[in-house]
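Chains A and B, in that order, give the protein sequences.
So the number in my numbering is just where the residue sits in the first sequence, counting from 1, plus 2.
So the number in my numbering is just where the residue sits in the second sequence, counting from 1, plus 2.
Report on the structure given below.
Number of protein chains: 2
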Amino acid sequence: MPKYQKQTRFLVAVDCIIFGFDGTELKLLLVQRGLEPEKGKWSLIGSFIREEEDFEKGANRILNDMTGLEGVYLEQLHAFGKPDRDPIERTISVAYFALIDIHQYERQLNDDFHAEWFPIKSAPRLIFDHEQMVEMAKKRLRYKAAFHPILFELLPEKFTVPQLQNLYEGIFDTVFDKRNFSRKIQSTKLLIKQKDKDKENSKKGAYYYKLDKRRYAANFHAFLNFIPNPDNIK
Amino acid sequence: MPKYQKQTRFLVAVDCIIFGFDGTELKLLLVQRGLEPEKGKWSLIGSFIREEEDFEKGANRILNDMTGLEGVYLEQLHAFGKPDRDPIERTISVAYFALIDIHQYERQLNDDFHAEWFPIKSAPRLIFDHEQMVEMAKKRLRYKAAFHPILFELLPEKFTVPQLQNLYEGIFDTVFDKRNFSRKIQSTKLLIKQKDKDKENSKKGAYYYKLDKRRYAANFHAFLNFIPNPDNIK
DNA sequence: ATATTAAATGTACTTTTTACACTTATTTTT
DNA sequence: AAAAATAAGTGTAAAAAGTACATTTAATAT
């Protein structure tokens, strides 16, 4: 097979920024790195890309190895390529961000990897440029959530409106008026009211809702405009 | 220097989707490829990444070689990594999209590269996955233009409101009411009215405007919501 | 002088967004 | 059994934004 001559070849990796939501705050799934350099330090979940594997496939492989989950929301974030980002050898990293229902994960935990959830506001130092990746992923998540009903990916199948509001408030680091929030959410027609209530979080109990998946798929690109103050969003 | 063992290394390239606007329609800058395979066919402008160069730098180098321009609007689009996207040897491509003022370019044309502007609607077939890249770049441009005043990057320093409207109409492939369009544009306070008029395109002449660069820099992330019909966007 | 061309401009109506407070269902306490 | 506590659920009026729509104006060409 002919080859391009005289060009340098580089290592290429995929790293995943995995977000979860426990009902109260946004969390990040991290692992203790298993190889040198920086062995034992906290890191995003990643892997070198294999010969016959594209990025999506690589990201899904990593995600599946780590959490056992399939069909997770996954989106390419950015390619990071500073020559010295890995001190051992130049490595290109294509970063993906993933949104998962933390409860599903907990059931399928794979403990071989020493993975752990950290609240996004008190995550440990990360290796290489991983903190920069997380920063960018947070911005992207906010940006996207302002227009698309993406945050449902972080919630369990059944959830309440107050939980959803909590999530939005966490992401945008603000508070919404609950009457206006509820009206806006209902106007999307994405929610299907259930008969039962969540009694864990209040005496009165809050009705559960499910996502209308048909509408969700059809309207994903419709705009919600859930921005508290546009100036705060990247 | 220690190295990661047993990992395959890959070629990494940067490709640029370069948009220009000639006052009437959106155009794409393409080159005739100078090396095998597919030599002589039309292609995006690209290059393998060099050892000590990051992606931004590579993209700027390419852009500068080709157009002589510096300080061009440049944004990472996506990393493309299908194993067989280049039939000779697996090559990762990090694609950037650039917005340039076509008039500035024409002055600095570098003819060594056989570059040519094509109307986006009648561009030739492109090599590899470059058409897919262009598609994605068009979507991204629309998406971004719906919220950010990004299209000014395509215009010369002095431009008229009808020209600007033309550009928006081209990008979104629709028509706007000119009273409403003008009001919306003026409401951004990004335009500074000039004393002189453009007499080329009408008998009456249309006032020139300049971009208020301070405000532009400060308000870039504010939202314009220039969407004709949200459903049509990505 | 008249016709032609594209630019510039205003207003009324509809929709969306915002601000704001009380009632309800249920559990806990006395 | 009554009272207190808690968070859920709901409506309305005012402001802002968006939409639809037609005439006048400046300059050139005939």
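Glycine included, every Cβ here is placed at the ideal spot set by N, Cα and C.
Computed from a predicted structure; not experimentally measured.
### Task
May I ask you to list the residues that DSSP assigns as paired with Ala97/B?
Numbered from 1 along the second sequence, position 95 holds the residue referred to as residue 97/B. Asp17/B, His80/B, per the DSSP bridge assignment.
### Query
Applying a beta-carbon distance threshold of less than 8 Å, which residues of chain A neighbour Asp56/B?
Taking the second sequence and counting its residues from 1, one reaches residue 56/B at position 54. Near Asp56/B (Cβ distances below 8 Å), the residues of chain A are Gly83, Lys84, Pro85.
### Message
For Val188/A and Ala117/A, what's the separation of their Cα atoms in angstroms?
### Response
Stepping through the first sequence from its first residue, residue 188/A is reached at position 186. Stepping through the first sequence from its first residue, residue 117/A is reached at position 115. Val is not the amino acid found at residue 188/A; the sequence shown has Gln there. Near 37 Å, if we compare the C-alpha coordinates of Ala117/A and Gln188/A.
### Task
Between the Cα of Ser124/B and those of His80/B, Leu28/B, Asp131/B, Asn62/B, spot the shortest distance and give me the residue it belongs to.
Working through the second sequence from its first residue, we reach residue 124/B at position 122. When each option's Cα is compared against that of Ser124/B, the closest is Leu28/B.
### Task
Compare the C-beta of His132/A with all C-beta atoms of chain B and state if any pair is closer than 8 Å.
For the purposes of this step, residue 132/A is taken as residue 130 along the first sequence, with counting starting at 1. Chain B contact via Cβ: absent.
#### Entry: Secondary structure of Leu192/A, DSSP reduced to three states
The residue given as residue 192/A occupies position 190 in the first sequence. Coil at Leu192/A, not helix or strand.
### Message
So, for Tyr107/B: in the same chain, excluding its five sequence neighbours on each side, which residues have a beta-carbon less than 6 Å away from its beta-carbon?
### Response
By one-based count along the second sequence, residue 107/B stands at place 105. Counting only Cβ-Cβ distances below 6 Å, and skipping sequence neighbours, we find Thr69.
### Message
Which complete beta strand (DSSP E) runs does the stretch 152 to 204 of chain A hold, if anything under 3 residues is left out?
### Response
160 to 162, 193 to 200
### Task
Give the DSSP bridge partners of Ile104/B, in chain order.
Within the second sequence, the letter at position 102 stands for residue 104/B. Bridge partners of Ile104/B: none, in fact.
### Message
Please report whether the beta-carbon of Phe50/A lies at a distance below 8 Å from any beta-carbon of chain B.
### Response
Against the first sequence, residue 50/A aligns to sequence position 48. Yes, because at least one Cβ of chain B sits closer than 8 Å to the Cβ of Phe50/A.
### Task
Provide the residue span of the alpha helix (DSSP H) that contains Ile64/B, from first to last.
Translated into the one-based positions of the second sequence, residue 64/B becomes position 62. Counting along the chain, Ile64/B sits inside the alpha helix (DSSP H) bounded by residues 57 to 69.
### Query
Does the distance from the C-beta atom of Glu54/B to that of Pro85/A stay below 8 Å?
The sequence position of residue 54/B within the second sequence is 52, counting from 1. The sequence position of residue 85/A within the first sequence is 83, counting from 1. Yes; because the gap between Cβ atoms is below 8 Å, this pair is in contact.
### Message
Can you check whether the C-beta of Pro230/A is within less than 8 Å of a C-beta belonging to chain B?
### Response
If you number the first sequence from 1, residue 230/A lands on position 228. Interpretation of Pro230/A is limited by its pLDDT of 47, a score under 50 that renders its predicted location unreliable; the figure taken from the coordinates is listed afterwards. False, the Cβ-Cβ gap to chain B never drops below 8 Å.
### Task
Would you list the residues sitting across from Ile122/A in a DSSP beta bridge?
As a position in the first sequence, residue 122/A is number 120, starting the count at 1. Paired residues: none, contrary to the question.
### Task
Could you name the residues of chain A that Thr10/B contacts, counting a contact when the two beta carbons are closer than 7 Å?
Taking the second sequence and counting its residues from 1, the one referred to as residue 10/B is at position 8. Chain A residues near Thr10/B: Glu53.
#### Entry: Same chain, Cβ closer than 6 Å to Thr93/A, five either side skipped, listed in chain order
Along the first sequence, read from residue 1 onward, the residue named residue 93/A stands at position 91. Counting only Cβ-Cβ distances below 6 Å, and skipping sequence neighbours, we find Leu13, Ala15.
### Task
Kindly identify the DSSP beta-bridge partner or partners of Leu30/B.
Position 28 of the second sequence, counted from the first residue, corresponds to residue 30/B. Answer by DSSP bridge pairing, in chain order: Phe21/B, Phe120/B.
### Message
Determine, for Val74/B, whether the minimum Cβ-Cβ distance to residues of chain A falls below 8 Å.
### Response
By one-based count along the second sequence, residue 74/B stands at place 72. No, Val74/B lies away from the interface with chain A (no Cβ there is under 8 Å from its Cβ).
### Query
So which residues of chain B does Lys5/A contact, with C-beta pairs closer than 7 Å?
Position 3 of the first sequence, counting from 1, holds the residue named residue 5/A. What Lys5/A touches in chain B: Ile90, Glu91.
### Which listed residue (Lys195/B, Trp119/B, Arg144/B, Val177/B) has its alpha carbon closest to that of Asp24/B
The residue given as residue 24/B occupies position 22 in the second sequence. It is Trp119/B.
### Query
Assuming Pro158/A and Asp103/A make a contact with CB atoms under 8 Å, what is their CB distance in whole Å?
Walking along the first sequence from the start, residue 158/A turns up at place 156. Walking along the first sequence from the start, residue 103/A turns up at place 101. With a Cβ gap of about 5 Å, Pro158/A and Asp103/A count as contacting.
### Task
Going by DSSP, name the residue or residues bridged to Ile47/B.
Within the second sequence, residue 47/B is the residue found at index 45, counting from 1. DSSP lists Cys18/B as partners of Ile47/B.
### Query
Less than 8 Å separating the beta-carbons of Leu76/A and Ala61/A?
Residue numbering aside, residue 76/A sits at position 74 when the first sequence is read from its first letter. Residue numbering aside, residue 61/A sits at position 59 when the first sequence is read from its first letter. Cβ distance < 8 Å, so Leu76/A and Ala61/A count as in contact.
### Task
Take Ala208/A and list the residues in its own chain whose beta-carbon comes closer than 7 Å to its own, dropping the five residues that flank it on each side.
Taking the first residue of the first sequence as 1, we reach residue 208/A at position 206. Excluding sequence neighbours, Ala208/A sits near Thr162, Val163, Pro164, Lys199, Asp200.
### Task
Step through the CB atoms of chain A and report whether any lies within less than 8 Å of the CB of Gln196/B.
Numbered from 1 along the second sequence, position 194 holds the residue referred to as residue 196/B. No, Gln196/B lies away from the interface with chain A (no Cβ there is under 8 Å from its Cβ).
### Message
Please list the terminal residues of the continuous alpha helix (DSSP H) segment that includes Tyr218/A.
### Response
What you label residue 218/A is simply residue 216 of the first sequence in a count that begins at 1. Looking at the DSSP string, the run of the alpha helix (DSSP H) that includes Tyr218/A is 215 to 221.
### Task
Indicate whether at least one CB of chain A lies closer than 8 Å to the CB of Ile173/B.
Within the second sequence, numbered from 1, the residue matching residue 173/B stands at position 171. Not closer than 8 Å to any Cβ of chain A, the Cβ of Ile173/B fails to qualify, so no.
#### Entry: Minimum C-alpha distance to Val33/B - residue among Thr26/B, Lys43/B, Gly172/B
In the second sequence, residue 33/B corresponds to position 31, counting from 1. Val33/B has its Cα closest to that of Lys43/B, out of Thr26/B, Lys43/B, Gly172/B.
### Task
Would you please state the rounded distance, in angstroms, between the beta carbons of Ile246/B and Ala100/B? I believe it to be under 8 Å.
Missing from the structure shown is residue 246/B; chain B here goes from 3 to 236 and no further.
### Task
Note down, in chain order, every chain B residue with its Cβ under 7 Å from the Cβ of His80/A.
Along the first sequence, read from residue 1 onward, the residue named residue 80/A stands at position 78. Within 7 Å of the CB of His80/A, the CB atoms of chain B belong to Gln78, in sequence order along the chain.
### Interface flag, Val14/A vs chain B, CB-CB below 8 Å
The residue you call residue 14/A lines up with position 12 of the first sequence. Taking 8 Å as the CB threshold, Val14/A lines the interface with chain B.
### Message
What would DSSP say about Tyr6/B, mapped onto helix, strand or coil?
### Response
The sequence position of residue 6/B within the second sequence is 4, counting from 1. The answer is coil: DSSP assigns Tyr6/B none of H, G, I, E or B.
### Residue-chain proximity (Val96/B, chain A), Cβ-Cβ < 8 Å
In the second sequence, counting from the first residue as 1, residue 96/B sits at position 94. At least one chain A Cβ lies under 8 Å of Val96/B.
### Task
Let me know if Ser45/B comes out buried or exposed under the rule of 16 or more other beta-carbons within 10 Å of its beta-carbon.
Position 43 of the second sequence, counting from 1, holds the residue named residue 45/B. Label assigned to Ser45/B: buried.
### Helix, strand or coil at Lys140/B according to DSSP, with G and I counted as helix
Residue numbering aside, residue 140/B sits at position 138 when the second sequence is read from its first letter. DSSP places Lys140/B in helix when its eight states are reduced to three.
### Message
Would Ile64/A and Ile47/A qualify as a contact pair, given that the criterion is a beta-carbon distance under 8 Å?
### Response
Numbered from its first residue, the first sequence carries residue 64/A at position 62. Numbered from its first residue, the first sequence carries residue 47/A at position 45. Taking 8 Å as the Cβ cut-off, Ile64/A and Ile47/A qualify as a contacting pair.
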